[in-house]
Amino acid sequence: DTEVTQTPKHLVMGMTNKKSLKCEQHMGHRAMYWYKQKAKKPPELMFVYSYEKLSINESVPSRFSPECPNSSLLNLHLHALQPEDSALYLCASSQVSGPGEQYFGPGTRLTVT
Amino acid sequence: GQNIDQPTEMTATEGAIVQINCTYQTSGFNGLFWYQQHAGEAPTFLSYNVLDGLEEKGRFSSFLSRSKGYSYLLLKELQMKDSASYLCAFHTPLVFGKGTRLSVIA
Numbered sequence: 014d015t016e017v018t019q020t021p022k023h024l025v026m027g028m029t030n031k032k033s034l035k036c037e038q039h040m041g042h043r044a045m046y047w048y049k050q051k052a053k054k055p056p057e058l059m060f061v062y063s064y065e066k067l068s069i070n071e072s073v074p075s076r077f078s079p080e081c082p083n084s085s086l087l088n089l090h091l092h093a094l095q096p097e098d099s100a101l102y103l104c105a106s107s108q109v110s111g112p113g114e115q116y117f118g119p120g121t122r123l124t125v126t
Numbered sequence: 012g013q014n015i016d017q018p019t020e021m022t023a024t025e026g027a028i029v030q031i032n033c034t035y036q037t038s039g040f041n042g043l044f045w046y047q048q049h050a051g052e053a054p055t056f057l058s059y060n061v062l063d064g065l066e067e068k069g070r071f072s073s074f075l076s077r078s079k080g081y082s083y084l085l086l087k088e089l090q091m092k093d094s095a096s097y098l099c100a101f102h103t104p105l106v107f108g109k110g111t112r113l114s115v116i117a
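Residue numbers (our numbering), protein chains in the order written: chain A, 14 to 126; chain B, 12 to 117.
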């Protein structure tokens with residue numbers, strides 16, 4: 014199984030809502046990532062988890078809160094988002110957090126109204 | 012600082028060969044990656060170069076010169092399905108260039 018799954022595929026939320034994005038992989042990878050991608054732009058790294066511990070936070074606003082409950086799961090909790098946070102949110106995983114191939118999930122298309 | 016530069020768009024003909032260039036500047040280099048991303052889909056890994064030289068994988072090859080901060084992706088026998096964005100990236104952590112949108116025409 015070389016797949017990273019993400020749910021939901023699409024999400025529309027208001028600025029006062031609280032929602033969560035989920036990501037799962039069963040490849041035994043010990044590093045997991047959240048990226049944000051705006052239209053016609055490259056993915057931008059948000060968070061890196063290594064062995065279930067947050068190792069990198071790229072100065073992401075606190076309205077985005079990551080969580081890694083176990084080595085297979087990664088969540089991104091959303092609260093009080095702004096319309097400019099509308100984007101494709103990609104999850105990825107790799108064997109370890111050093112240089113190496115990252116496997117990306119299909120993403121969650123988020124629209125904040 | 013860190014910087015990656017690649018052309019924004021390229022067009023090539025089906026069956027032809029195309030070379031997509033990437034130049035980079037970084038203080039900590041741990042390898043150069045190429046990813047392919049079709050519109051509306053997730054990026055998929057194409058290649059990884061950590062030493063100078065050419066790595067060949069089927070119709071795709073990638074070249075790296077660390078002293079020049081330069082890489083290229085070579086696509087041979089182009090097919091219509093190769094129309095996509097091609098992202099150059101370096102580690103660590105993964106920093107992507109803006110991507111080159113390749114259009115393959117008949």
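Where is the CB? At the ideal position from N, CA and C, for every residue including glycine.
{"Item": "Local conformation of residue 71 (chain A) per DSSP, three classes", "Value": "coil"}
{"Item": "Nonlocal neighbours in the same chain, by C-beta distance under 6 Å from residue 27 (chain A), ignoring five residues either side", "Value": "126"}
{"Item": "Closer than 7 Å to chain A by CB, residue 54 (chain B)", "Value": "yes"}
{"Item": "8 Å contact criterion, which residue 59 (chain A) and residue 49 (chain A) should meet: CB distance rounded", "Value": "6 Å"}
{"Item": "Stretch pair the segment 22-37 of chain A + the segment 91-105 of chain A: three plus CB contacts closer than 8 Å", "Value": "yes"}
{"Item": "Neighbouring residues, chain B, relative to residue 61 (chain A) (Cβ below 8 Å)", "Value": "104"}
{"Item": "is_contact[residue 77 (chain A), chain B] using C-beta, thresh 7 Å", "Value": "no"}
{"Item": "Cβ of residue 74 (chain B) within 7 Å of any chain A Cβ", "Value": "no"}
{"Item": "First through last residue of the beta strand (DSSP E) which encompasses residue 55 (chain A)", "Value": "No beta strand (DSSP E) contains residue 55 (chain A), which DSSP labels as neither H nor E."}
{"Item": "Sufficient close CB pairs (3 or more, under 8 Å) joining the segment 75-90 of chain A to the segment 17-36 of chain B", "Value": "no"}
{"Item": "Segments of 3+ residues assigned as beta strand (DSSP E) that fall wholly inside the segment 42-95 of chain B", "Value": "43-48, 55-60, 64-68, 71-76 and 81-86"}
{"Item": "Secondary structure of residue 82 (chain A), DSSP reduced to three states", "Value": "strand"}
{"Item": "Cβ neighbours of residue 20 (chain B) in the same chain (closer than 6 Å, five flanking residues each side left out)", "Value": "112"}
{"Item": "Top-ranked residue by Cα proximity to residue 102 (chain B), from B:23, B:53, B:36 and B:48", "Value": "B:36"}
{"Item": "DSSP state of residue 97 (chain A) mapped onto helix, strand, coil", "Value": "helix"}
{"Item": "is_contact[residue 41 (chain A), chain B] using C-beta, thresh 7 Å", "Value": "no"}
{"Item": "Chain A contact residues for residue 110 (chain B), given Cβ-Cβ distances below 7 Å", "Value": "55"}
{"Item": "6 Å Cβ shell around residue 90 (chain A) - same chain, five flanking residues per side excluded", "Value": "33 and 78"}
{"Item": "Start-to-end residues for the beta strand (DSSP E) that takes in residue 109 (chain B)", "Value": "Neither: residue 109 (chain B) is in no beta strand (DSSP E) and is coded neither H nor E."}
{"Item": "Amino acids of chain B, ordered along the chain, whose beta-carbon sits closer than 7 Å to that of residue 38 (chain A)", "Value": "Those do not exist, as residue 38 (chain A) stays about 13 Å from chain B at its closest Cβ, beyond 7 Å."}
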